[in-house]
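A.B. asks: Numbers 0 to 353, taken from numbering that gives the first Met the number 0, label the letters of the sequence shown in order.
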Amino acid sequence: MNKYVKRYLVDALSGMAQGLFASLLTGTIIRTLGAQLLRLSDNAVFRFFVTAGDFACNPNVVGAAMAVGIGFAMGVPALVLFSLAAVGAAANVTGGAGGPLAVLVIAVIAAEAGCAVSKKTKVDILVTPCVTILSGMLLTVLAAKYIGVAAASVGQFVIWATKLHPFMMGILVSAVVGMALTLPISSAAICAAFGLTGLAGGAALAGCCAQMVGFAVLGFRENRWGGVVSQGIGTSMLQMPNIVRNPRIWIPPILASMITGPVATCLFKLEMNGAAVSSGMGTCGLVGQIGVITGWFEPSEAALAHGAAAMVPDAMSWLGLILVSFVLPAILCWIFGLWFRKMGWIREGDLKLD
């Protein structure tokens, strides 16, 4: 069971997230940068940035990148891997707003179908791609639309519920997505699969930042500045072995996320209107913050569908982004850390990274 969970949930989700980073996320950043520079000067280089970003954000390209990422993470043979590009493109387009989840499900099944016949015949160069593509396309025709609708419906419900009850949903979304970021699964892929944007995306971002910045500050005694960089800009997943040994070290970042989530949704109205994948990135490479900023100037299609509009950020917007992303998680986890160490729940060396 652990083998299958790792292969289909951990590895496949991580590969999907990397495919999203290498296409939609990077393309959005490049396109937004070009669009903003074009406001200053109508330059051929800046127009090229916009064009390049448009190509990278094309649904066919994004779907292919996700499927190839999934196949690569699963370690499939080369012919299966390359054939998944066509499967991913079809599944993402057919799945619509919930395309990423459709790609995840269909690419995994098509990959396994291709692996089942790979190198089993003398005409492997024909059989393996045919089986991979045909099985993937059949699933796309039969199920991609419905998987996409189901994923989009879940995302729409979370977005709607967060707008209706920003305090409670701010706590819930922030805590759950933040914990997913630290667990060996991809919070970014989860946010992308369900299209979490708007206030719900802002709450998710708050939870991820609470985990990453929180652990960086919480373990500063043991890991010093190297730990700040590796966890605050890298990933809080590095603490999973320590969490297994002493689960209490996870409580301060979770508590911090349950505070910063509603602060984001209720006080600052922080919205993630960039690519939904950015909602689950936290401070990793500052991708979450870049997503918020790009969403201010050029909202994603998913965000536009939920009523988002381009805006010029004011001082309150910048203050909210900085406080929720960096300042509040650091202060809260430092306070909780002192308290927990005093109670003996966190001992010296409990947060030491190998």
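Glycine is no exception: its CB is placed at the ideal position from the N, C-alpha and C atoms.
#1: Where does the unbroken alpha helix (DSSP H) through residue 56 begin, and where does it stop?
#2: Here's the rule: buried if 16 or more other CB atoms are within 10 angstroms of the residue's CB, otherwise exposed. What is residue 348?
#3: Just how far apart, CA to CA, sit residue 250 and residue 113?
#4: Would you call the CB atoms of residue 196 and residue 299 closer than 8 Å?
#5: Would you mind giving the Cβ-Cβ distance between residue 222 and residue 352, rounded to the nearest angstrom? I have them listed as a contact below 8 Å.
#6: Under three-state DSSP, which class holds residue 271?
#7: Return helix, strand or coil for residue 222, following the three-state DSSP convention.
#8: Over the uninterrupted alpha helix (DSSP H) stretch that includes residue 328, give me the two end residues.
#9: Leaving aside the five residues before and after residue 216 along the sequence, list all residues of the same chain whose C-beta is less than 6 Å from its C-beta, in chain order.
#10: So which of 199, 203 and 79 has the shortest CA-CA distance to residue 281?
#11: Let me confirm a value: residue 274 is counted as buried when at least 16 other C-beta atoms fall within 10 Å, else exposed. Which label applies?
#12: Taking only three categories from DSSP, how would you classify residue 310?
#13: For the stretch 54 to 62 against the stretch 6 to 13, do three or more pairs of beta-carbon atoms, one drawn from each stretch, fall closer than 8 Å, so that the two count as touching?
#14: Threshold first: 4 residues or longer. Then list the alpha helix (DSSP H) segments lying entirely within the stretch 96 to 148, N to C.
#15: Let me know the secondary structure DSSP gives residue 183 once reduced to three states.
#16: Closer than 7 Å: is that where the CB of residue 230 sits relative to any heavy atom of the ligand HEM?
#17: Just the C-alpha distance for residue 23 and residue 304, rounded to the nearest angstrom, thanks.
#18: Exposed or buried, residue 295, counting other C-beta atoms within 10 Å across all chains shown (16 or more means buried)?
#19: The alpha helix (DSSP H) that contains residue 199, what's its start and end?
#20: Here's the rule I'm using: 16 or more other beta-carbon atoms within 10 Å means buried, otherwise exposed. How should residue 156 be labelled?
#21: At which residues does the alpha helix (DSSP H) containing residue 370 begin and terminate?
#22: Quick one, are the C-beta atoms of residue 205 and residue 259 less than 8 Å apart?
#23: Check this for me: beta carbons of residue 132 and residue 101, under 8 Å apart or not?
#24: Taking the C-alpha atoms as reference points, what is the distance between residue 345 and residue 248?
#25: Would DSSP call residue 30 helix, strand or coil?
#26: Grab me the residues of residue 168's own chain with a C-beta within less than 6 Å of its C-beta, minus the 5 sequence neighbours each way, in chain order.
#27: Tell me the rounded alpha-carbon separation between residue 176 and residue 18.
#28: Out of 80, 322 and 67, point me to the one whose CA is closest to residue 99's CA.
#29: Within the continuous alpha helix (DSSP H) that includes residue 280, where are the two ends?
#30: In whole angstroms, what is the alpha-carbon distance linking residue 39 and residue 32?
C.D. replies: Looking at the coordinates:
#1: 43 to 56
#2: exposed
#3: 43 Å
#4: yes
#5: 5 Å
#6: strand
#7: helix
#8: 327 to 342
#9: 329, 332 and 333
#10: 203
#11: buried
#12: coil
#13: no
#14: 98 to 116 and 123 to 138
#15: coil
#16: In the structure on display, the ligand HEM does not appear, and there are no ligands present to speak of.
#17: 17 Å
#18: buried
#19: 197 to 217
#20: exposed
#21: The question about residue 370 has no answer, for the chain in this structure spans 0 to 353.
#22: yes
#23: no
#24: 6 Å
#25: helix
#26: 160 and 161
#27: 20 Å
#28: 67
#29: No alpha helix (DSSP H) holds residue 280; DSSP gives it neither H nor E.
#30: 11 Å
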